[in-house]
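Below is one structure, written out as structure tokens; comments come after it.
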Amino acid sequence: MPALSDEQLRVTADVCVVGAGAAGLWAAQVAAAAGCRVVLLEKTRRTGTKVLASGGTKCNLTTTLGWQDAAALFGTRGERFLRRAFRTLPPDAVRDRFEEWGVRTEVAPLEKIFPSSGKAVHVRDALERAVDHAGVRTITEAPVADLERTSDGWRVMTMGGGEVRASRVVLSPGGMSYPSTGTTGDGYPWLEALGCEMVEPVPALVPLTSSDTSITDLTGIALQEVVARLLDDRGKTLGARERPVLFTHHGVSGPGAMDHSVHVAREVASARREGRAPRAFRLSLDLLPNLDRDEVRALLIDAAGRPGAPRIGRVLPAELPKRLVAVISAQAGLPETDPRAGELNKSQRHALVEVLKGFSVPIDGTLGFDKAEVTAGGLALREVDPGTMAVKRHPGLYACGEILDLAGPIGGLNFQSAFATAELAGRAVAENG
Ligand SMILES: Cc1cc2nc3c(=O)[nH]c(=O)nc-3n(C[C@H](O)[C@H](O)[C@H](O)COP(=O)(O)OP(=O)(O)OC[C@H]3O[C@@H](n4cnc5c(N)ncnc54)[C@H](O)[C@@H]3O)c2cc1C
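To get my numbering, take the position in the sequence shown, counting from 1, and add 469.
Here is the structure:
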């Protein structure tokens with residue numbers, strides 16, 4: 470996979486793919502396997518950097534969900550847009566493709582699929598092998614600076630003056646999350662200059678911050694079985710996820726928190742634009758999701774009558790650490806940090822039940838793009854044909870992956886979206902030669 474100096478880079482191809490991440494690698498191999506001469510340009514020294522970093526270097530490459538359920542996790546507009554892509558390349562087809570490429574896969578909890586080896590590098594290497602096998606010419610250390618329409622296609626220009634001429638271009642330079650991996654929003658100005666509508670990029674799947682010290686003092690506590698609801702400043706529920714939550718010295722992390730982060734990030738961005746303070750959010754954690762309020766109340770009443778007068782921290786079915794029980798007690802206004810169940814009067818018991826079913830975590834922001842797994846926003850979906858990923862009004866230009874205004878929750882959904890949109894783009898550039 471050679472890096473060429475820019476003076477040497479004068480290439481003509483059928484298809485130029487910009488960005489060798491999950492989407493670019495996938496689109497390039499699909500187009501080349503269908504007979505196109507494909508050049509794949511990558512800014513950094515290697516391909517698939519985010520694949521390597523993904524899923525804690527284990528790479529949650531797709532989901533066990535069926536295509537309809539998977540698409541539904543992208544919100545109303547995202548679902549409508551992704552239907553064709555996910556029907557064409559459903560999650561089980563992604564899994565099958567990797568198996569064909571020699572990557573054994575296995576199911577993990579929460580509908581996740583990982584390589585059985587637990588190594589993301591095996592996923593990245595399989596993509597590289599597929600690209601090489603299909604005859605793609607991959608050029609690394611070739612950062613694209615701009616692109617322009619020519620009389621017979623497109624001219625893709627690199628930073629140092631090199632160029633690729635191609636009749637079709639697939640844009641897959643990603644978003645601007647985790648900029649340390651090479652994704653710094655490079656594609657946005659190119660599309661803006663072409664007059665495309667863009668949706669303001671905001672960080673998504675990013676830890677949430679809280680300046681409440683009673684929360685940050687809980688650092689290190691992980692809750693596995695919890696329902697996390699994000700509430701706005703009027704108490705309206707913006708979303709609910711039954712996923713683990715982790716307390717950190719910044720606030721809260723884990724999928725139960727990160728899956729909600731796009732709402733907070735959008736508000737922070739609007740507030741910054743409008744020069745005002747962002748509205749407050751609250752994460753409400755149902756610490757006993759398998760019991761309703763009456764069952765929790767019955768449990769406390771039953772414990773109150775038991776010999777030995779157990780403390781509340783001992784009578785709950787979930788193992789709640791002492792530090793957390795102390796904050797629960799404070800939020801419920803109880804006189805002690807871990808009172809005995811028998812010491813509670815009716816209104817204290819009621820307050821305790823409410824806190825156990827809605828432990829409150831004040832949220833004031835996110836950790837931003839540096840720690841965001843994906844970018845929400847980007848190329849507006851109405852600019853793109855959902856059946857081909859063609860950028861409307863710009864013949865020969867296609868876009869796939871994270872540059873599109875799509876962001877799904879944690880769980881292999883974002884690779885699924887990158888691969889499926891790339892499959893359509895790869896097929897379309899091959900068919901529309
Ligand atoms: C830490 C982390 C963990 C993650 N874990 C998971 C997971 O387990 N499962 C999951 O589904 N998703 C995960 N994601 C999200 C997933 O990585 C992205 O959704 C996916 O990589 C998007 O694919 P893409 O090809 O569109 O963009 P990217 O993978 O970001 O690839 C874009 C490529 O374009 C290149 N590029 C950028 N600008 C230029 C330019 N000017 N010229 C040439 N090349 C350029 C970049 O260097 C990069 O190689 C994770 C993300 C992060 C950051």
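Cβ atoms here follow ideal geometry from the backbone N, Cα and C, with glycine treated the same way.
Check, Outcome
"Which residues bound the beta strand (DSSP E) around threonine 607?", "606-608"
"Got a sec: does ligand 1 put a non-hydrogen atom nearer than 8 Å to the Cβ of cysteine 665?", "no"
"Have a look at the DSSP bridge pairing and note the partners of valine 499.", "The partner list for valine 499 (beta bridge, DSSP) is empty, contrary to what the question assumes."
"On a Cα-Cα basis, can you pick out the residue from Ala897, Gly895, Val898, Thr890 that is closest to alanine 554?", "Thr890"
"Check each candidate in Gly704, Ser739, Gln693 and name the one with the smallest Cα separation from alanine 726.", "Gln693"
"Given a cut-off of 9 Å on the beta-carbon distance, is the pair phenylalanine 884 and alanine 614 in contact?", "no"
"Please list, in chain order, all residues of the same chain as leucine 821 whose beta carbon is under 6 Å from its beta carbon, the five residues on each side excluded.", "Ala801"
"Near arginine 573, which residues of its chain fall below 8 Å by C-beta distance, leaving aside the five closest residues on each side in sequence?", "Pro584, Ser585, Ser586"
"Let me check you understand the geometry: is the CB of cysteine 528 closer than 8 Å to at least one non-hydrogen atom of ligand 1?", "yes"
"Check whether the Cβ of leucine 850 sits closer than 8 Å to any heavy atom of ligand 1, and report yes or no.", "no"
"Based on Cα-Cα distance, which residue from Leu873, Tyr867, Val843 lies nearest to glycine 524?", "Val843"
"From proline 676 to asparagine 901, what distance separates their C-alpha atoms?", "42 Å"
"Is arginine 624 helix, strand or coil by DSSP?", "strand"
"Going by Cα to Cα distance, which pick from Leu754, Val576, Lys826 is closest to leucine 760?", "Lys826"
"Over what stretch of residues does the beta strand (DSSP E) that includes valine 576 continue unbroken?", "574-577"
"So arginine 634 packs on threonine 650, CB below 8 Å; how close in whole Å?", "Incorrect: roughly 28 Å between the Cβ atoms, too far for contact."
"Output the distance between the C-alpha atoms of histidine 732 and leucine 882, rounded to the nearest integer angstrom.", "18 Å"
"For the putative contact between leucine 754 and alanine 795, defined by C-beta atoms under 8 Å, what is the C-beta separation to the nearest angstrom?", "With a Cβ gap of about 15 Å, leucine 754 and alanine 795 do not count as contacting."
"If you scan the region 658-709 from start to end, which runs of the beta strand (DSSP E) of 3 or more residues do you find wholly inside it?", "667-673, 696-700"
"Rounded to whole angstroms, what is the Cα-Cα separation between valine 486 and glutamate 632?", "13 Å"
"Could you tell me which uninterrupted beta strand (DSSP E) segments, each at least 3 residues in length, are contained entirely in the region 719-790, listed from first to last along the chain?", "720-722, 750-755"
"In the structure shown, what three-state DSSP assignment does glutamate 617 receive?", "strand"
"Taking 8 Å as the line, does the beta carbon of tyrosine 867 fall inside it for any heavy atom of ligand 1?", "no"
"Let's test the definition: count the other Cβ atoms within 10 Å of the Cβ of arginine 851 and tell me whether it reaches 16, buried, or not, exposed.", "exposed"
"With respect to 8 Å, is the separation between the Cβ of glutamine 885 and the closest non-hydrogen atom of ligand 1 below this value?", "yes"
"Can the beta-carbon of glycine 847 be found closer than 9 Å to that of tryptophan 623?", "no"
"Is it true that the region 604-612 meets the region 508-521, where meeting means three or more beta-carbon pairs spaced less than 8 Å apart?", "yes"
"Compare the beta carbon distance of proline 831 and phenylalanine 750 with 9 Å and say whether it is the shorter of the two.", "yes"
"Are the region 538-549 and the region 868-878 in contact at 8 Å, needing three or more beta carbon pairs?", "yes"
"Helix or strand or just coil, what does DSSP make of threonine 532?", "strand"
"Counting only the same chain and skipping the five closest in sequence on each side, list residues whose C-beta sits under 7 Å from that of arginine 556.", "Trp536"
"Considering only heavy atoms of ligand 1, does any lie closer than 8 Å to the CB of lysine 512?", "yes"
"Nearest to threonine 688 by CA position, among Leu793, Ala501, Phe567, is which residue?", "Leu793"
"Quick one: grab the DSSP three-state call for phenylalanine 550.", "helix"
"Using the beta-carbon count (16 or more within 10 Å), is asparagine 814 buried or exposed?", "exposed"
"Let's see if you can read the secondary structure: which residues bound the beta strand (DSSP E) around glycine 630?", "Counting along the chain, glycine 630 falls outside any beta strand (DSSP E), and DSSP gives it neither H nor E."
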